[in-house]
Amino acid sequence: MKHFISTRSIARETAVQLLDTTADMADVRQRDIKKLPTLRGKTVANVFFEDSTRTRLSFEAAALALSADVSTFTAKGSSVSKGESLKDTVQTLESMGADFIVLRHFDSGAAATVANSGWVDAHVINAGDGTHEHPTQALLDAYTLRHRLFADEARGRDLAGTRVVIVGDILHSRVARSNIWMLSALGAEVTIAAPRTLLPRDIALWPVTVVETLDAALDSGIDAVMTLRIQKERMNDAFFPGAAEYTRFWGMTSQRLNQVGPGTVVMHPGPMNRGLEIAGAVADSDRSTVREQVTNGVAARMAVLYTLLGEGQE
Ligand code: NCD
């Protein structure tokens with residue numbers, strides 16, 4: 020793997036390998052000395068055309084934990100032609116020595132464009148492209164789930180038979196897409212619960228079961244409910260009648276938490292709209308993996324940097 024752009028056609032073995040490497044990196048993060056020398060002398064450039072808190076900080080932490088140098092570029096609302104500005108930006112960063120380009124961009128397909136364009140030789144990591152994909156989020160989510168389910172016996176395992184409900188704004192969610200491909204590759208069964216207006220048109224082609232209400236998806240055999248943020252910034256129409264209505268039908272409330280088994284966890288990639296798609300009490304409960312997901316995000320991104328570096332040396 021030279022680049023990490025998508026989980027769309029990831030092989031089970033590759034996914035398990037990435038999860039195991041994430042476990043190794045999580046172990047490193049538990050030690051007194053939380054750093055490895057692996058990327059000493061290498062530079063990781065974070066190129067963020069779109070807002071981010073967790074993903075950017077976590078890539079920075081991951082690069083530093085592998086002893087890389089880090090440079091961060093943030094741009095917003097650029098009015099120059101998108102292709103040109105992207106090309107110039109990544110070439111500028113590579114001219115300054117970037118070996119890895121971590122790209123977040125508002126255009127679906129931006130990371131693939133940079134990886135396949137021949138503009139740069141650097142490894143490209145997709146840190147979120149429009150509504151398309153967010154593969155490192157899928158890795159950290161799958162890792163978090165596997166670790167919750169199997170703890171110390173997790174290594175080498177996939178998620179066969181695991182049942183995951185993804186609820187909310189599937190249409191605009193790159194997190195949902197990358198998670199669906201990743202979870203399916205690992206053998207999990209994915210159920211989607213969303214208002215029709217927030218479902219993509221080609222949902223019938225996806226490896227998921229779609230249900231009409233969240234309550235219909237919830238039973239005691241569910242392992243995880245993944246709540247998604249309502250992406251107001253990507254909505255230019257009225258996609259649902261109102262916040263109270265949304266919460267009533269699709270929100271992960273304390274009452275709904277009681278409908279699932281005691282072992283069911285609630286996930287959210289952040290940033291959360293507390294009280295809308297997830298109740299504050301649910302987010303803060305010990306059934307929530309929100310903070311673990313953030314912690315594991317650093318290990319997952321270390322694992323990706325580490326894996327891509329290995330490829331470069333072959
Ligand atoms: C997500 C993103 O930006 O795609 N956040 C994240 O990376 N943790 C999800 C979102 O913005 O809703």
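With this note's numbering as the guide, the letters of the sequence shown map in order to residues 20 to 333. In this text, a Cβ means the ideal position worked out from N, Cα and C, and glycines have one as well. Just so you know, these numbers come straight off a predicted model, no measurement behind them.
*Contacts around residue 313, its chain only, beta-carbon distance under 8 angstroms, and the 5 residues preceding and following it disregarded*: Within the sequence shown, the letter at position 294 stands for residue 313. Scanning its chain for C-beta atoms nearer than 8 angstroms, with the 5 sequence neighbours on each side dropped, one finds around residue 313 the residues 73, 77, 289, in chain order.
*Alpha carbon to alpha carbon, how far is residue 134 from residue 105?*
Along the sequence shown, one-based indexing puts residue 134 at 115. Along the sequence shown, one-based indexing puts residue 105 at 86. Going from the Cα of residue 134 to the Cα of residue 105 covers about 12 angstroms.
*Look at the alpha carbon of residue 261 and the alpha carbon of residue 125, and state the distance between them as a whole number of angstroms.*
Here residue 261 refers to the residue found at position 242 of the sequence shown. Here residue 125 refers to the residue found at position 106 of the sequence shown. Approximately 26 angstroms between the Cα atoms of the pair.
*Roughly how many angstroms separate the alpha carbons of residue 91 and residue 67, rounded to a whole number?*
By 1-based counting over the sequence shown, the position of residue 91 is 72. By 1-based counting over the sequence shown, the position of residue 67 is 48. One C-alpha to the other measures close to 8 angstroms.
*For residue 147, verify whether its CB is less than 6 angstroms away from any heavy atom of the ligand NCD.*
For the purposes of this step, residue 147 is taken as residue 128 along the sequence shown, with counting starting at 1. Yes, the ligand NCD has a heavy atom inside 6 angstroms of this Cβ.
*asked:* Just verifying my parser: in three-state terms, what is the DSSP assignment at residue 23?
replied: Counted from its first residue, the sequence shown places residue 23 at position 4. Note: residue 23 maps to strand in three-state DSSP.
*Does the beta-carbon of residue 157 have 16 or more other beta-carbons within 10 angstroms, so that it is buried, or is it exposed?*
If you number the sequence shown from 1, residue 157 lands on position 138. Burial call: buried.
_Continuous alpha helix (DSSP H) stretch holding residue 199: start and end_ = As a first step, residue 199 is located in the sequence shown; it is residue number 180 there, counting from the start. Unbroken alpha helix (DSSP H) run through residue 199: 193-204.
*asked:* Residues in the same chain with beta-carbon distance under 7 angstroms from residue 52, minus the five sequence neighbours each way, listed in chain order, please.
replied: As a working note, residue 52 is residue 33 in the sequence shown. The same chain holds no residue with a CB closer than 7 angstroms to that of residue 52 once the five nearest residues on each side in sequence are set aside.
*Got a sec: does the ligand NCD put a non-hydrogen atom nearer than 6 angstroms to the Cβ of residue 196?*
Indexing the sequence shown from 1 puts residue 196 at position 177. No, Cβ of residue 196 sits at least 6 angstroms from all heavy atoms of the ligand NCD.
*To which residues of the same chain is residue 293 closer than 8 angstroms at the C-beta, ignoring the five residues directly before and after it?*
Here residue 293 refers to the residue found at position 274 of the sequence shown. Cβ neighbours of residue 293 beyond the five flanking positions: 299, 302.
*Using only the heavy atoms of the ligand NCD, determine whether one of them is closer than 6 angstroms to the beta carbon of residue 153.*
Here residue 153 is taken as the residue at index 134 of the sequence shown, counted from 1. Shortest gap from the CB of residue 153 to any heavy atom of the ligand NCD: under 6 angstroms.
*Residue environment, residue 198, which counts as buried when at least 16 other CB atoms sit within 10 Å*: Residue 198 sits at position 179 when you count from the first residue of the sequence shown. By the C-beta density criterion, residue 198 is buried, having at least 16 other C-beta atoms within 10 angstroms.
*Spatial neighbours of residue 36 within its chain, please: CB distance less than 7 angstroms, with the 5 preceding and 5 following residues excluded, ordered by chain position.*
To locate residue 36, count along the sequence shown from 1; it is residue 17. Annotation for residue 36: no residue places its beta carbon closer than 7 angstroms to its own, counting only its chain and skipping 5 residues before and after.
*heavy atom of the ligand NCD below 6 angstroms from residue 193 C-beta*: As a first step, residue 193 must be located in the sequence shown, where it is residue number 174. Checking every heavy atom of the ligand NCD against the Cβ of residue 193, one is found closer than 6 angstroms.
*At a cut of 8 angstroms, does the segment 220-230 reach the segment 165-173 through at least three beta carbon pairs?*
With the cut-off at 8 angstroms, the segment 220-230 and the segment 165-173 do not touch.
*Throw me the rounded Cβ distance for the residue 160 and residue 286 pair, which I believe falls under 8 angstroms.*
As a working note, residue 160 is residue 141 in the sequence shown. As a working note, residue 286 is residue 267 in the sequence shown. Contact annotation, residue 160 with residue 286: C-beta distance approximately 6 angstroms; criterion of less than 8 angstroms satisfied.
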